[in-house]
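Novice: When you line the sequence shown up against the working numbering, it's residues 423 to 749, in that order. C-beta atoms are modelled at their ideal positions from N, C-alpha and C, and glycine is treated no differently. Computed from a predicted structure; not experimentally measured. Sharing a structure here in structure tokens format.
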Amino acid sequence: MRLLENEKENITYILEQEIYNATDKTACVKLIIDFSNYLYWTIPSTMLLIQALSFLNDIHDNELKAELSFALGRMYEQMKKYAYAKDYFEKAKEQFEMLNITECKKRIVQCLKHSGEISRYQKNFGEAKITLSDAMTQFHKIGDNLGANQCLHSLGLIEKMQHNYPISKRIVTEALIIYEQIDKTLGAAQCLFALGNMEYDEDDYIAAYEFYQNALTRFKKLGPSCENYVADVFCSLGNVAYMQNNCSECEAFFLEAVKWYQKLNDKISQAEALQMLGKVAYMQKKCVEAKNAYMQAVKIFENCDMQTSVSETMKLLHEVESYESQH
Numbered sequence: 423m424r425l426l427e428n429e430k431e432n433i434t435y436i437l438e439q440e441i442y443n444a445t446d447k448t449a450c451v452k453l454i455i456d457f458s459n460y461l462y463w464t465i466p467s468t469m470l471l472i473q474a475l476s477f478l479n480d481i482h483d484n485e486l487k488a489e490l491s492f493a494l495g496r497m498y499e500q501m502k503k504y505a506y507a508k509d510y511f512e513k514a515k516e517q518f519e520m521l522n523i524t525e526c527k528k529r530i531v532q533c534l535k536h537s538g539e540i541s542r543y544q545k546n547f548g549e550a551k552i553t554l555s556d557a558m559t560q561f562h563k564i565g566d567n568l569g570a571n572q573c574l575h576s577l578g579l580i581e582k583m584q585h586n587y588p589i590s591k592r593i594v595t596e597a598l599i600i601y602e603q604i605d606k607t608l609g610a611a612q613c614l615f616a617l618g619n620m621e622y623d624e625d626d627y628i629a630a631y632e633f634y635q636n637a638l639t640r641f642k643k644l645g646p647s648c649e650n651y652v653a654d655v656f657c658s659l660g661n662v663a664y665m666q667n668n669c670s671e672c673e674a675f676f677l678e679a680v681k682w683y684q685k686l687n688d689k690i691s692q693a694e695a696l697q698m699l700g701k702v703a704y705m706q707k708k709c710v711e712a713k714n715a716y717m718q719a720v721k722i723f724e725n726c727d728m729q730t731s732v733s734e735t736m737k738l739l740h741e742v743e744s745y746e747s748q749h
């Protein structure tokens with residue numbers, strides 16, 4: 423992660439110099455938008471995109487202006503700054519619509535889809551369903567089967583969030599079948615993971631385990647871009663093993679999760695997995711291992727200023743110490 427930070431800083435510095443010295447503003451903005459796609463998947467930042475806004479008065483390419491708004495919307499969405507993201511997607515949609523050219527139809531629908539996804543993240547489910555259903559219809563009209571299926575997938579996830587599991591399972595399974603038909607492994611893996619989560623919520627741990635293992639296999643095949651999913655699936659497999667009192671398997675899964683979260687620099691998830699390792703160790707009365715895991719978790723939670731989690735983990739630690747003092 424540190425290497426990525428350094429690389430980002432180096433390229434950002436070069437592009438900043440280009441911004442200040444640029445005679446061809448249009449080419450410079452195109453370069454910034456291209457670089458923002460790299461940042462989107464690595465270390466999201468709107469800094470250069472916002473600087474590019476200062477060039478708008480010197481640019482006569484209206485499609486490029488719309489692409490800049492779209493890039494800002496995506497970046498803010500990735501950074502979970504949803505109000506800003508929604509504003510830029512709405513602005514981009516208006517800009518693309520004003521161009522009134524066939525090539526921009528897909529972007530218009532993508533803006534609609536992103537707005538629907540943001541409503542889903544914000545738990546505004548009614549608005550999300552309307553927007554995503556509209557986007558799905560529009561994707562079908564322009565022959566974009568992937569875009570349409572992504573909307574279907576999201577509609578299934580909304581039903582899950584509303585605890586409508588039979589409907590959600592039906593929709594997500596339908597999306598899974600379509601992803602497999604069009605050879606989209608990521609979407610298929612995400613559907614399998616979601617189906618596993620629903621089976622887990624309904625206490626069908628055998629079915630959940632099978633879905634999680636299938637999802638894990640696919641996420642691993644996709645490589646570094648899916649390492650966060652790999653970590654999450656290991657955690658979910660650990661939870662299944664925990665509910666089945668399978669301590670050895672549970673321990674193995676959470677150790678894997680800790681390793682992956684550490685690699686991803688996801689401190690909070692790492693601490694949560696360590697907390698679970700402490701619980702598993704204590705179930706087996708491995709008090710030294712339990713205390714070690716809990717203390718590591720406490721340290722991380724403290725560094726992340728998560729006082730509630732610190733208190734919860736300290737309570738678990740005291741429980742182990744109390745047991746030790748009595749035995």
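(1) Please go through the same chain and pick out, in chain order, the residues whose beta-carbon is closer than 8 Å to the beta-carbon of Phe547, but skip the five residues on each side of it.
(2) Does the distance from the CB of Glu422 to the CB of Ile455 come in under 8 Å?
(3) Which ranges does the alpha helix (DSSP H) cover as unbroken runs of at least 4 residues, wholly within the stretch 676-747, from first to last along the chain?
(4) Where does the unbroken alpha helix (DSSP H) through Thr607 begin, and where does it stop?
(5) Excluding the 5 residues flanking Pro590 on each side, which residues of the same chain have their C-beta closer than 6 Å to its C-beta?
(6) In whole angstroms, what is the alpha-carbon distance linking Met520 and Arg529?
(7) Under 8 Å between the Cβ atoms of Ala629 and Gly660?
(8) Rounding to the nearest angstrom, what Cα-Cα distance links Leu617 and Ser476 in this structure?
(9) Between the C-alpha atoms of Lys701 and Ala712, what's the straight-line distance to the nearest angstrom?
(10) Measuring straight from C-alpha to C-alpha, what distance separates Gln666 and Arg496?
(11) Where does Gly565 fall in DSSP's three states?
(12) Apart from the five residues just before and just after Lys515, which ones in its own chain have a Cβ nearer than 7 Å to its Cβ?
(13) Phe656 and Phe633: beta carbons closer than 8 Å?
(14) So which of Lys707, Leu738, Tyr460, Gln706 has the shortest CA-CA distance to Gln718?
(15) State the Cα-Cα distance for the pair Asn619 and Arg592, rounded to the nearest angstrom.
(16) So is Ser647 buried or exposed if we call it buried at 16+ other beta carbons inside 10 Å?
(17) Considering only C-alpha positions, which residue in the set Gln603, Met469, Ala597, Asn636 is nearest to Lys615?
(18) Tell me where the alpha helix (DSSP H) around Phe641 begins and ends.
(19) Please report the straight-line C-alpha distance between Tyr631 and Tyr704, rounded to a whole angstrom.
(20) What's the gap between the Cα of Ser691 and the Cα of Tyr716?
(21) Using only CA atoms, which one of Glu734, Leu638, Thr735, Lys551 lies nearest to Ser537?
(22) Mapping the DSSP letters down to three states, classify Ser670 as helix, strand or coil.
(23) Just the C-alpha distance for Ala611 and Val594, rounded to the nearest angstrom, thanks.
(24) Use the C-beta contact count for Gln748: other C-beta atoms within 10 angstroms, 16 or more gives buried, fewer gives exposed.
Specialist: Taking the definition as stated:
(1) Ser541, Ile580, Met583, Gln584
(2) Examination of residue 422 is not possible in this model, given that the chain is present from 423 through 749 alone.
(3) 689-705, 709-725
(4) 607-623
(5) Just to set this straight, residue 590 is Ser in the shown sequence, not Pro. Within the same chain, Ser590 has close Cβ partners Gly578, Glu581, Lys582.
(6) 12 Å
(7) no
(8) Distance between the alpha carbons of Leu617 and Ser476 is about 46 Å.
(9) 7 Å
(10) 41 Å
(11) coil
(12) Excluding sequence neighbours, Lys515 sits near Ile530, Cys533, Leu534.
(13) no
(14) Leu738
(15) 14 Å
(16) exposed
(17) Residue identity check: residue 615 is Phe in the sequence provided, not Lys. Out of Gln603, Met469, Ala597, Asn636, the CA that lies nearest to the CA of Phe615 is found in Asn636.
(18) 627-644
(19) 23 Å
(20) So the alpha carbons of these two residues sit roughly 14 Å apart.
(21) Lys551
(22) helix
(23) 11 Å
(24) exposed
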